[in-house]
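Just so you know, the sequence shown maps onto residues 779 to 1138 in the working numbering. Where a beta carbon is used, it is the ideal one built from N, C-alpha and C, also for glycine.
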Amino acid sequence: MSAAASRRKLLTRRFAETMVFGAVGAATLGLAGMPAGWLSGAIVGVSAAALSGRPMYVPPQVGRAVYVILGISLGSSVTPETVATMASWPLSMLALTIAMIAITCSVMAYLKFVHGWPTLDALFAAAPGALAQAMALAQDTGANVRAIAMVQTVRLFILAVALPLIFAAFGVAGLPPPRGGNLPLTQLLIELGVIILVSSGAALLAFRLNMPGGLIVGAMAASGVLHGGGAVHAFLPVPVAVCSFIVMGAMIGTRLGGADFRQLARLSLVGIGALLVGTTVGCLFAFGVATLLSLRLADVVMAYAPGAIEAMTIIAFALHLDPVFVGVHHLARFTFMSLVLPAAVGLIRAYQARTKPDGE
């Protein structure tokens, strides 16, 4: 057997093992009725296996396909009510930019003055949901990449697992959307074919254009237009969405693979503190925006949560909130942070160079 064939066999076995851990965790919480349990359970199951030393793996091709499937499901939640509320979204997105600055500065201050982190390290760890760009900039500036990645990962992990529990405890999760009447089999198959073809094309186009979260955002946009405009009335089968949740949860869980347990435990405390600071500031802004613009508080809280666009949008869908509202706001937040973060790094480095003692 060739080396390539042996590697493929090894990765296939790891993927199968990852799905077993994810499915067991998902079934444990999902069948117990926990909000977003299929997603959160898969995260917990795969994370536990990864921390125990098992090599967890999800092929990139599988992940991309799941993003498209989830995007289709997210877009199918678009209703005329969703379209009616879009007039207030520009104002809430404007408030979002102010909130992101406040969240980033408050978390930076916490990391710098409470834990003694260098300014740039604190900035990269505080950047809400901009992990890929923060890691690239951290690598270029010689920052502590591993510590930053762990704090960001801990934040995403806790948000994905804890937010559904918190929302359920306060009774702010939404109700399942109506799924429409039973369609004739021929019409169902035709509409599903149209949805999959159009959404996949839009996802591929957005991905080629390097749009943040392009696969899921492109598919969501196309599916949302088709459903919101009344062109189609078909929905992906529930088991397909459940399996997609499990794979997505497994992908998040694999991020903890290879982590040093003692360092992870120490940085988890730092990450929890940073999350509490950022979430408190974000919730204050969300409460004000929801009150002033007459928006649902749960939607705004999820839109302002400092997490990755894919994870936050999918959690919103799993909690029966408005995933389109959440996704659009996180896309705006990512775009804003992508523009501001490099400029902030440049200003900090220029200030440090100007204030550094001669000869240092």
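>> Runs of 4 residues minimum, wholly inside the region 807 to 842: which ones carry the alpha helix (DSSP H) assignment?
In response: If we require 4 residues or more, the alpha helix (DSSP H) runs fully inside the region 807 to 842 come out as 815 to 829.
> What residues in its chain sit with their C-beta under 8 Å from that of Glu1138, if we drop five residues either side in the sequence?
Replying inline: Reliability of the predicted coordinates at Glu1138 is poor, the pLDDT of 48 falling under 50, and the value obtained from them is presented with this limitation in mind. Excluding positions up to five away in sequence, the list is empty.
> Taking Ala1083 as the reference, which of Leu1054, Leu1071 and Ala1096 has the closest Cα?
Replying inline: Ranked by how close their Cα comes to the Cα of Ala1083, the residues Leu1054, Leu1071 and Ala1096 have Leu1054 in first place.
> Under a three-way DSSP split, which group does Trp895 fall into?
Replying inline: Coil.
> Where Gln930 and Phe902 are concerned, what is the direct C-alpha to C-alpha distance, given to the nearest angstrom?
Replying inline: C-alpha separation (whole angstroms): 9 Å.
> Below 8 Å, can you find three or more Cβ-Cβ pairs linking the region 912 to 931 to the region 1066 to 1073?
Replying inline: Contact fails: fewer than three Cβ-Cβ distances are below 8 Å.
> Looking at the structure shown, is Phe1013 part of a helix, part of a strand, or coil, going by DSSP?
Replying inline: Phe1013: coil per DSSP, three-state reduction.
>> I need the boundaries of the alpha helix (DSSP H) containing Gly979, first residue and last residue.
In response: Unbroken alpha helix (DSSP H) run through Gly979: Leu963 to Arg986.
> Does the separation of the CB atoms of Leu1109 and Gly991 fall below 8 Å?
Replying inline: Yes; because the gap between Cβ atoms is below 8 Å, this pair is in contact.
>> Would Ser1022 and Ile821 be called neighbours here (beta carbons separated by less than 8 Å)?
In response: No, these two residues do not count as a Cβ contact at 8 Å.
> Within this structure, are the beta carbons of Met1080 and Pro906 separated by less than 8 Å?
Replying inline: No, the pair does not count as a contact, with Cβ atoms beyond the cut-off.
> Closest to Leu1062 by CA distance: which of Ile881, Ile973, Leu941 and Val1102 is it?
Replying inline: Measuring from the Cα of Leu1062, the nearest candidate turns out to be Ile881.
> Since Gly1085 and Val995 are thought to touch, with beta carbons under 8 Å apart, how far apart are those beta carbons, to the nearest angstrom?
Replying inline: Contact between Gly1085 and Val995 does not hold, since the beta-carbon distance rounds to 15 Å and is not under 8 Å.
>> If I follow the unbroken alpha helix (DSSP H) through Ala1110, where does it start and stop?
In response: For Ala1110, the enclosing alpha helix (DSSP H) stretches over residues Pro1101 to Thr1133.
> What do you reckon, are the CB atoms on Gly1027 and Ser818 nearer than 8 Å?
Replying inline: Contact flag set, yes.
>> So, for Gly1124: in the same chain, excluding its five sequence neighbours on each side, which residues have a beta-carbon less than 8 Å away from its beta-carbon?
In response: For Gly1124, where only same-chain residues beyond five positions count, there are no Cβ hits under 8 Å.
>> Taking only three categories from DSSP, how would you classify Ala1150?
In response: Since the displayed the chain opens at 779 and closes at 1138, residue 1150 lies outside it and no answer follows.
>> Going by DSSP in three states, Asn1084 sits in which element: helix, strand or coil?
In response: Note that residue 1084 corresponds to Pro in the displayed sequence, not to Asn. Reduced to three states, the DSSP call for Pro1084 is coil.
>> Quick check: what's the CA-CA separation for Val1104 versus Ala781?
In response: Val1104 and Ala781: Cα-Cα distance of roughly 45 Å.
>> Going by C-alpha to C-alpha distance, which of Ala877, Phe945, Val976 and Leu1075 sits closest to Ala1096?
In response: Ranking the options by Cα distance to Ala1096, first place goes to Phe945.
>> Considering Cα atoms alone, identify which of Arg786, Val840, Thr897 and Met864 is closest to Gln1130.
In response: Looking at the Cα atoms, Thr897 is the closest of the given residues.
> When you compare only the Cα positions, how much space is there between Ala1122 and Val836?
Replying inline: Answer to the nearest angstrom: the Cα atoms are 35 Å apart.
> Since Ala925 and Leu961 are thought to touch, with beta carbons under 8 Å apart, how far apart are those beta carbons, to the nearest angstrom?
Replying inline: No, Ala925 and Leu961 are not in contact; Cβ-Cβ is about 52 Å, not under 8 Å.
>> According to DSSP, simplified to helix, strand and coil, what is Pro906?
In response: Note: Pro906 maps to coil in three-state DSSP.
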